[in-house]
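Residue numbers (this note's numbering), protein chains in the order written: chain A, 25 to 367; chain B, 25 to 367. For reference, the structure is listed below as structure tokens.
There are 2 protein chains.
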Amino acid sequence: MSNSYEGQGATIYEVAQRAGVSIATVSRALRNTGPVAAGTREKVLRAVEELGFTPSRLGVSLAQGRHAANGIVFPDLSGPYFAEVLLGYEEVASELGRSVLILSTRGRAAVQDLVRDLVGRVDGMVIFGRTVEDAVVDEIIRSRTPLVLLARDPVERADAVCSENTASAEALTTHLLGHGYSTFALAGDDDRGDVTQRWTGVRRVLSDHGIRPPEPLPCELTVEGGYAAGRTLLGGKPGGARRPEAVICADDQVALGVILAAEELGLDVPGDVAVTGWDDIMAARHARPALTTVRQPMRLLGARAARALDELIKGARTVPNSEILPTQLIVRSSCGPHPLEEK
Amino acid sequence: MSNSYEGQGATIYEVAQRAGVSIATVSRALRNTGPVAAGTREKVLRAVEELGFTPSRLGVSLAQGRHAANGIVFPDLSGPYFAEVLLGYEEVASELGRSVLILSTRGRAAVQDLVRDLVGRVDGMVIFGRTVEDAVVDEIIRSRTPLVLLARDPVERADAVCSENTASAEALTTHLLGHGYSTFALAGDDDRGDVTQRWTGVRRVLSDHGIRPPEPLPCELTVEGGYAAGRTLLGGKPGGARRPEAVICADDQVALGVILAAEELGLDVPGDVAVTGWDDIMAARHARPALTTVRQPMRLLGARAARALDELIKGARTVPNSEILPTQLIVRSSCGPHPLEEK
DNA sequence: CCGTCGAGTGTAAGCGCTTCCACTCGCTGG
DNA sequence: CCAGCGAGTGGAAGCGCTTACACTCGACGG
Numbered sequence: 025m026s027n028s029y030e031g032q033g034a035t036i037y038e039v040a041q042r043a044g045v046s047i048a049t050v051s052r053a054l055r056n057t058g059p060v061a062a063g064t065r066e067k068v069l070r071a072v073e074e075l076g077f078t079p080s081r082l083g084v085s086l087a088q089g090r091h092a093a094n095g096i097v098f099p100d101l102s103g104p105y106f107a108e109v110l111l112g113y114e115e116v117a118s119e120l121g122r123s124v125l126i127l128s129t130r131g132r133a134a135v136q137d138l139v140r141d142l143v144g145r146v147d148g149m150v151i152f153g154r155t156v157e158d159a160v161v162d163e164i165i166r167s168r169t170p171l172v173l174l175a176r177d178p179v180e181r182a183d184a185v186c187s188e189n190t191a192s193a194e195a196l197t198t199h200l201l202g203h204g205y206s207t208f209a210l211a212g213d214d215d216r217g218d219v220t221q222r223w224t225g226v227r228r229v230l231s232d233h234g235i236r237p238p239e240p241l242p243c244e245l246t247v248e249g250g251y252a253a254g255r256t257l258l259g260g261k262p263g264g265a266r267r268p269e270a271v272i273c274a275d276d277q278v279a280l281g282v283i284l285a286a287e288e289l290g291l292d293v294p295g296d297v298a299v300t301g302w303d304d305i306m307a308a309r310h311a312r313p314a315l316t317t318v319r320q321p322m323r324l325l326g327a328r329a330a331r332a333l334d335e336l337i338k339g340a341r342t343v344p345n346s347e348i349l350p351t352q353l354i355v356r357s358s359c360g361p362h363p364l365e366e367k
Numbered sequence: 025m026s027n028s029y030e031g032q033g034a035t036i037y038e039v040a041q042r043a044g045v046s047i048a049t050v051s052r053a054l055r056n057t058g059p060v061a062a063g064t065r066e067k068v069l070r071a072v073e074e075l076g077f078t079p080s081r082l083g084v085s086l087a088q089g090r091h092a093a094n095g096i097v098f099p100d101l102s103g104p105y106f107a108e109v110l111l112g113y114e115e116v117a118s119e120l121g122r123s124v125l126i127l128s129t130r131g132r133a134a135v136q137d138l139v140r141d142l143v144g145r146v147d148g149m150v151i152f153g154r155t156v157e158d159a160v161v162d163e164i165i166r167s168r169t170p171l172v173l174l175a176r177d178p179v180e181r182a183d184a185v186c187s188e189n190t191a192s193a194e195a196l197t198t199h200l201l202g203h204g205y206s207t208f209a210l211a212g213d214d215d216r217g218d219v220t221q222r223w224t225g226v227r228r229v230l231s232d233h234g235i236r237p238p239e240p241l242p243c244e245l246t247v248e249g250g251y252a253a254g255r256t257l258l259g260g261k262p263g264g265a266r267r268p269e270a271v272i273c274a275d276d277q278v279a280l281g282v283i284l285a286a287e288e289l290g291l292d293v294p295g296d297v298a299v300t301g302w303d304d305i306m307a308a309r310h311a312r313p314a315l316t317t318v319r320q321p322m323r324l325l326g327a328r329a330a331r332a333l334d335e336l337i338k339g340a341r342t343v344p345n346s347e348i349l350p351t352q353l354i355v356r357s358s359c360g361p362h363p364l365e366e367k
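Right, here's the structure in full:
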């Protein structure tokens, strides 16, 4: 199909010369902007084909003043949650003709510089949770780079997309109360905005039922973190703090870790202790026992963020918008056999 | 810290003007290229600070002729495998000062165009398995864009990184034979290079033991795909094809699906049928029963690809290199109780 | 005392494209 | 028959940076 000789970078000048026209005409022919005689277009296209010409993205971007690319900052990609969100994001961004640049902040020191660099490469950014400091977010907003906050408490002048947390947490807690449990523990870090919301919901329901809400035990939102938390919560010294009847975990990975710890301590889940997660990741369904959890529309979260960002970039909307996606309580076996009927 | 007024894009000209120097001096001061008097540098830095100046990435890239960015093409991000590899890739790329652009080909029609676009945005590319046609790979190679193939059969003039498949498959199969199984089924699509290698290993060992290797049952490498395959393989009509004693799956997700199907058919795993996976994803450990599988160094795979690409881009190496990472057989309970001693 | 050198700086030429503007020219309507 | 128009095209000015090259000037050795 293509010529045997292909320089790695024919420029528009070479195409113009070969076609015997000016670069302006080549540009018009290629981008269908402005009139070009049929014959001329023909010549141009032939030259393009023969030279294997692809317009330099840098040239185009510089001239157009846009990157046709979006950025996204997330803490980590291990665990299914962020990966799924990213998937939804990339899919929509690509559909909208934008490339996606990623940046993971996991244990990085110079996050601020990395984010700045990223900002310089894109037309708009999505920032996940608490991956970057408020100061940096402010800086981005002031630079007028379109910004969408994902699963983070909204800020004055940026869009936000997140999924519902508090109400689902209330539903989950109510469900657990329906099982007859009355002593609870909360496992999971507190410095992510969405987790905080979950705990708020849990606390409210417990308080309403006259139960003093426990302090969440901070831990990394990983299986390992959950395992450590599980050992702490369930392995209390004999005669020490009473073992909780139910452990509500910040996410599914933590829950899986807690289950692991329980198993190791010779405890039966849910017989000796009920455990719940959050997210409904794939492993939740396959866990032993299968995890009661709250399903988050992870891909949709990413997709919505991409669309919101697109609106912002295109200038189709200038007032910040905040979107909350619904979640769903998924009852499986890790919270115990159903007493009578579920309401 | 920064001035209250910040244009969204101060240019080097404004900085130069404010500092009372030429743009060349600003550039030199900022990039430490060429001599700049201490006092001058001082003035420049102050102007930069006051204007909140960040060099335009496009300008820099265009002038330098490089993007300082890498691309990666993968089929999908659902399931932990690709996400983990991507994680390792991004980490190293970022450490090497390169941004990462991603492209998922999942169910996309115009992959070729998307890949071309991506090539125009980066200094080098990593391409996963069979995500793009050979013709496109050829085109990339001819365009002299540094290229690393990941988990794909090597091509003449590109680097390749993959993990060991055949030998581990042999080890896995040998282990299953040690359990005394003699009828097998293979579940998983055949059009990914690495899966083919796995089947080759399995076939070889079976043949060596006088067992006629079964044809792999093609299925998508997802839980759903595995579930469907499981129904087919295990739900044989009464009196029809004999149910296999062991199902060797192309990856862990398929294996989880098969287990799901088995459960639904009232079969016990591993009592009625043994099941094995590949990859050792997180869910493998938490599955019921826990999955016997082959652990792939997923992050390392990505990390190595990033380093190989870096060498290529820097021109530190021009001869293509091919790297094979070791894997590890992980025996858990899904393949049955251990008969006597493992060799 | 003068030629030389190097530190410090500015000028300007790209890098590869888009697009405004000016210009030519065959047609059409008045 | 001519003004006017619109299709088709080229020239050239950016877009924001890097860097080769030229230049100035004070210091220094002979």
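Ideal Cβ positions, reconstructed from N, Cα and C, are used throughout, including at glycine. Keep in mind that this is a model prediction, so the values were computed, not measured.
Quick one: is residue i buried, meaning 16 or more other Cβ sit within 10 Å of its Cβ, or exposed?
i                 : result
Gly44 of chain A  : exposed
Pro104 of chain A : buried
Gln88 of chain B  : exposed
Ala53 of chain A  : buried
Ala10 of chain A  : Since the first residue shown for chain A is 25 and the last is 367, residue 10 of chain A is missing from the structure and cannot be characterised.
Lys338 of chain B : exposed
Gln320 of chain B : buried
Ser28 of chain A  : Confidence at Ser28 of chain A is low in this model, with a pLDDT of 34, below 50, so the placement of that residue should be treated as unreliable; the coordinate-derived value is given next. Ser28 of chain A should be labelled exposed.
Pro79 of chain B  : buried
Ser346 of chain A : exposed
Asn56 of chain B  : exposed
Do residue i and residue j have their C-beta atoms closer together than 8 angstroms?
i                 : j                 : result
Leu86 of chain A  : Leu125 of chain B : no
Val299 of chain B : Val282 of chain B : yes
Thr198 of chain A : Val156 of chain A : no
Leu291 of chain A : Asp183 of chain A : no
Leu241 of chain A : Gln277 of chain A : no
Val226 of chain B : Ala193 of chain B : yes
Cys243 of chain A : Asp213 of chain A : yes
Val185 of chain B : Ala274 of chain B : no
Our contact map puts residue i next to residue j with C-beta atoms below 8 angstroms; I'd like the distance itself, whole angstroms only.
i                 : j                 : result
Leu325 of chain B : Ser187 of chain B : 6 angstroms
Leu75 of chain A  : Ala34 of chain A  : 4 angstroms
Ile343 of chain B : Thr316 of chain B : Note on identity: in this sequence residue 343 of chain B is Val, with Ile being the wrong assignment. Actually they do not touch by this definition, with Cβ atoms about 39 angstroms apart.
Leu138 of chain A : Leu127 of chain A : 6 angstroms
Val146 of chain A : His91 of chain A  : 5 angstroms
Ala253 of chain B : Ala211 of chain B : 4 angstroms
Tyr251 of chain A : Ala285 of chain A : 5 angstroms
Arg328 of chain A : Leu349 of chain A : 7 angstroms
Ala209 of chain A : Pro237 of chain A : Not really, about 10 angstroms apart at Cβ, beyond 8 angstroms.
Leu18 of chain A  : Leu174 of chain A : Since the first residue of chain A shown is 25 and the last is 367, residue 18 of chain A is not available in this structure.
Return the chain-ordered list of same chain residues with a C-beta closer than 6 angstroms to the C-beta of residue i, the five sequence neighbours on each side being excluded.
i                 : result
Ser357 of chain B : Pro313 and Ala314
Ala330 of chain A : Tyr113, Val116 and Ala117
Ser26 of chain B  : Unreliable placement is indicated for Ser26 of chain B, whose pLDDT of 37 sits below 50; the coordinate value is still reported in the next sentence. Same-chain partners within the cutoff: Gly76.
Gly269 of chain B : The amino acid occupying residue 269 of chain B in the given sequence is Glu; Gly does not appear at that position. The answer, listed in chain order, is Tyr205 and Thr207.
Gln221 of chain A : Asn189 and Thr190
Arg176 of chain B : Gly153 and Gly217
Val72 of chain B  : Val39
Gly31 of chain A  : Note that Gly31 of chain A scores 44 on pLDDT, short of 50, meaning its location in the model is unreliable; the coordinates nonetheless yield the value given after this. For Gly31 of chain A, where only same-chain residues beyond five positions count, there are no Cβ hits under 6 angstroms.
Quick one: what's residue i bridged to in DSSP?
i                 : result
Val271 of chain B : B:Ala209 and B:Val299
Thr316 of chain B : B:Thr300
Ser123 of chain A : A:Ala93
Met149 of chain A : A:Gly95 and A:Leu171
Glu347 of chain B : B:Val185
Ile305 of chain B : In the DSSP output, where bridge partners are listed per residue, Ile305 of chain B has none listed.
Gly241 of chain B : Note that residue 241 of chain B corresponds to Leu in the displayed sequence, not to Gly. Paired residue(s): B:Ala211.
Ser231 of chain B : Looking at the DSSP assignment, Ser231 of chain B forms no beta bridge with any residue, so it has no partner.
Got a sec? Which residues, its chain only, sit under 7 angstroms from residue i by beta carbon, not counting five neighbours each side?
i                 : result
Glu38 of chain B  : Leu75
Thr169 of chain B : Val143, Gly148 and Met149
Ala107 of chain B : Leu101
Met306 of chain A : Pro104
Ala134 of chain B : none
Leaving aside the five residues before and after residue i along the sequence, list all residues of the same chain whose C-beta is less than 8 angstroms from its C-beta, in chain order.
i                 : result
Arg266 of chain A : Thr207 and Gly260
Val60 of chain A  : Thr49, Arg52, Ala53 and Val68
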